[in-house]
Amino acid sequence: MSAEWRALHQADAEGPNDDGGPSGQASYGRVNPRGVDTTHGAILYLDGITVSFDGFKALSDLTLDIGVGELRCIIGPNGAGKTTMMDVITGKTRPTAGSAFFGQNIDLTTLNEAQIAHAGIGRKFQRPTVFEQHTVLENLELAMKTDKRVRPTLFSRLTSEQADRIAQTLALIRLTDEAYRVAGLLSHGQKQWLEIGMLLMQEPQLLLLDEPVAGMTDAETERTGELLHELRGHHSLMVVEHDMDFVSRIADGGKVTVLHEGAVLAEGTMAQVQADARVIEVYLGR
Amino acid sequence: MTHASEQRMNSASSRAGELYTAALRRPLFSPKAWIALTVVTMVLALLPLLNLVFPAGHTLHVSAYAVALLGKFMCYALAALALDLVWGYAGILSLGHGLFFALGGYAHGMYLMRAIGQDGVYQSNVPDFMVFLNWKDYPWYWAFTEHFWYAMLLVVLVPGGLAFLFGYFAFRSRIKGVYFSIITQALTFAAMLLFFRNDTGFGGNNGFTDFKRILGFDITAPGTRATLYWVTLAVLLGALVLARAVTQSKLGRVLTAVRDAESRVRFIGYEPLGFKLFVWTLSAVMCGIAGALYVPQVGIINPGEMSTENSIEMVIWVATGGRGTLIGPIIGAGTVNGLKTWFTSVFPEFWLYALGLIFVLVTLFLPQGIVGLARRWMTRRQERAI
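As you go down the protein sequences, you meet chains A and B in turn. Numbering-wise, the first sequence is residues 1 to 286 according to my numbering. Numbering-wise, the second sequence is residues 287 to 672 according to my numbering.
Here is the structure:
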């Protein structure tokens with residue numbers, strides 16, 4: 001475990017901190033981000049999720065759970081329901097049937113996108129979306145978990161702990177040298193890392209990454225793999241990816257889930273999945 | 287990792303942290319900008335003195351006309367500064383800031399009308415236009431306007447309150463971009479029609495004029511005019527510092543983030559409504575104050591101030607000076623109005639064409655306005671120096 005990470009997570013060790021309570025407008029912070037009950041060892045439960053659009057079932061009876069600190073890779077051919085599943089988890093799409101729980105106690109199907117983000121689920125979309133006119137430093141500052149209402153923002157002064165957290169995140173995403181650069185000038189890969197950094201500044205319990213290495217150079221892909229390794233164990237991660245080499249590199253003996261036609265086709269280590277006859281037929285064999 | 291190296295790393299990161307804290311606590315102005323600001327303010331403050339001290343014909347004499355003109359330009363500059371706060375920083379293009387300007391002007395105008403007392407043409411207790419309408423008493427909404435402080439309260443509360451209400455519903459419904467601009471324009475137009483009516487009780491077509499005194503002082507006396515000029519200069523400077531403080535804060539960074547990617551801002555946990563409403567209302571109040579300072583200096587306020595052209599002209603001042611720079615709109619308001627004064631005396635019928643041309647040229651060749659041009663020159667000079 002790196003020093004950066006130990007320092008980053010000191011706040012967690014010291015128990016609930018002040019700004020864990022409602023932040024943002026009243027309709028938001030009703031869910032205490034510290035209030036996720038993970039006593040049963042799972043951060044996310046999807047049970048019998050079905051989503052149908054005009055009769056077409058994007059997800060049919062999908063059941064999946066992700067453990068605390070797990071790095072789970074999700075693979076599957078196009079149209080397997082990967083993105084719809086992420087939409088259900090982040091509140092963008094409501095399931096037609098089934099239940100989705102964050103920990104044991106937070107019912108995701110009753111919350112909106114902002115509430116889910118506040119509860120501690122961070123999502124990185126395929127296209128990097130950072131604030132291009134702001135510096136890297138300012139991007140991280142804006143994303144940082146704190147009281148985000150108008151008045152506290154107007155009089156906000158960075159505390160030394162917050163500055164340290166920014167410094168640690170910068171080191172983790174390897175953008176320390178670019179701290180004062182305008183984000184619009186970063187390379188594609190750097191923008192992706194910055195966005196991951198912005199998610200980390202929000203201290204999420206569960207990170208959803210949608211094709212994090214799409215469009216990256218080999219070196220950037222390599223670097224992203226290292227970054228995900230460093231996050232493993234500190235955050236629960238769900239990585240949806242097409243790039244099989246990348247998946248086998250980051251899965252590292254962990255569980256891989258194969259989706260097909262809106263349901264789980266196979267689950268197991270990369271080696272087990274690759275040996276599964278059905279998986280070979282629908283996905284790998286092609 | 288050993289304990290020692292871990293400690294070393296922590297202290298390294300906290301040193302970096304101090305740098306970041308410093309970088310995010312942006313100064314109001316750079317030392318150079320402070321000096322420039324002080325010099326310009328002092329020169330501007332000196333002009334009325336030159337008018338008062340030196341007799342006409344003296345080489346150092348500045349005409350009363352020039353002082354009055356500059357006083358008026360500073361009011362326009364304040365309005366442009368207010369518009370830049372919302373347009374340049376939050377990306378909200380208002381085509382209705384003339385309304386807030388006029389409302390501030392009318393609020394102050396009510397006091398000035400009552401200060402006329404019985405010195406009007408009809409020597410009545412009520413203003414001449416009310417005599418015309420056969421009104422014996424002031425309508426209810428004129429209550430207390432004989433008190434200067436109450437009128438000043440209205441100058442802040444009426445534009446601010448209207449902006450808050452309108453902004454709340456518009457921003458809550460997520461009305462953005464050109465739709466928002468059109469609605470502000472429609473609102474201003476509706477208000478103009480309302481103020482044109484005699485029954486509204488604000489002097490109809492003619493508005494308020496023939497002011498005699500302010501706080502007991504003769505409003506046309508050179509001393510009073512100089513004082514109004516200095517007050518305007520002080521308010522403009524104060525507004526610039528306040529606007530700068532807002533835009534340099536974290537809130538300013540949230541605003542520019544809203545301008546660039548609003549949905550992303552919402553996604554990282556800010557509710558844009560409150561931020562937009564804050565800057566929108568602040569801007570309207572500033573614009574109202576600009577109107578209130580304008581009326582005693584030009585001696586008239588009528589519904590023409592709410593016309594479409596006026597609000598659009600404000601946008602052109604901001605664009606010409608440089609959107610999102612605060613100082614740019616002040617320069618732009620001065621430049622465009624200086625040109626306007628010259629044009630309307632030399633080729634009055636061509637001014638609107640010239641204005642249109644300025645807007646086209648600025649849009650095509652100076653997207654960052656005059657300030658952007660100056661910045662480009664400075665970086666080029668620095669590069670050459672290296």
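C-beta atoms are modelled at their ideal positions from N, C-alpha and C, and glycine is treated no differently.
DSSP places A/E267 in the uninterrupted beta strand (DSSP E) bounded by 263-268. Of all C-beta pairs linking the region 597-609 of chain B to the region 501-516 of chain B, fewer than three are shorter than 8 Å, placing the two stretches out of contact. Distance from A/G268 to A/V282 at the Cβ level is roughly 15 Å; contact not present, criterion being Cβ atoms closer than 8 Å. Judged by pairs of C-beta atoms under 8 Å, the region 574-581 of chain B does not touch the region 530-539 of chain B, as fewer than three such pairs exist.
Here B/N596 has G384 as same chain residues with Cβ atoms under 7 Å from its own Cβ, once five neighbours each way along the sequence are excluded.
For A/S160, the nearest CB of chain B lies under 9 Å from its own CB, placing it at the interface with that chain. Chain B has no Cβ within less than 9 Å of the Cβ of A/T93. For the region 515-536 of chain B, residues whose beta-carbon sits nearer than 8 Å to a beta-carbon of chain A comprise V532, S535, K536. Chain B places no beta carbon closer than 9 Å to that of A/R127, leaving this residue out of the contacts. The residue among A/A271, A/I74, A/S60 with its C-alpha nearest the C-alpha of A/M238 is A/I74. Closer than 9 Å to the CB of B/A547 there is at least one CB belonging to chain A. Per DSSP, reduced to three states, the secondary structure at B/V329 is helical. Across the structure, A/Q205 and A/I121 are spaced so that their CA atoms are roughly 6 Å apart.
In this structure, the CA atom of B/Y408 is about 6 Å from the CA atom of B/D414. For A/T176, a Cβ of chain B is located within less than 9 Å of the residue's own Cβ. Annotation: Cβ neighbours of A/T153 in chain B (cutoff 7 Å, chain order): K536, L537, V540.
Taking the C-beta atoms as reference points, B/C573 is found no nearer than 9 Å to B/L398.
Annotated three-state conformation of B/K562 is helix, per DSSP.
Around the beta carbon of B/R301, fewer than 16 other beta carbons lie within 10 angstroms, which makes this residue exposed. With contacts defined as CB atoms closer than 9 Å, B/A368 and B/A529 qualify as a contacting pair.
Within the region 306-337 of chain B, the residues whose Cβ lies closer than 7 Å to some Cβ of chain A are Y306, T307, A309, L310, R311, listed in chain order. A Cβ-Cβ contact shorter than 9 Å links B/G357 with B/Y515. Listed in chain order, the alpha helix (DSSP H) runs fully inside the region 520-545 of chain B amount to none, counting runs of at least 4 residues. When the beta-carbon positions are compared, A/F131 and B/A376 stay at least 9 Å from each other. DSSP lists A/V239, A/V256 as the beta-bridge partner residues of A/C73. Here the region 41-61 of chain A makes contact with the region 84-95 of chain A; the two share three or more CB pairs at distances below 8 Å. DSSP lists A/Y45 as the beta-bridge partner residues of A/D65. A/R157 has a beta carbon lying within less than 9 Å of a beta carbon in chain B.
Contact annotation for A/K148 against chain B: V540, I554, G555, Y556, E557 [CB-CB distance below 9 Å, chain order].
Of the other Cβ atoms in all chains shown, fewer than 16 fall within 10 Å of the Cβ of B/G403; this residue is therefore exposed. Cβ contact annotation for B/P582 (same chain, cutoff 8 Å, sequence separation greater than five): H394, L398, F497, I500, I505, L514, in chain order. Residue-level contact check: B/E595 does not touch chain A, since none of the beta carbons of chain A fall below 9 Å from its beta carbon.
In the DSSP assignment, A/S99 falls within the beta strand (DSSP E) that extends over 97-102. At a cut-off of 9 Å between C-beta atoms, A/M86 does not count as an interface residue with respect to chain B. If only complete runs of 4 or more residues are kept, the region 148-185 of chain A shows the alpha helix (DSSP H) at 150-154, 160-172, in order along the chain. Exposed is the label assigned to B/V325, since fewer than 16 other Cβ atoms lie within 10 Å of its Cβ.
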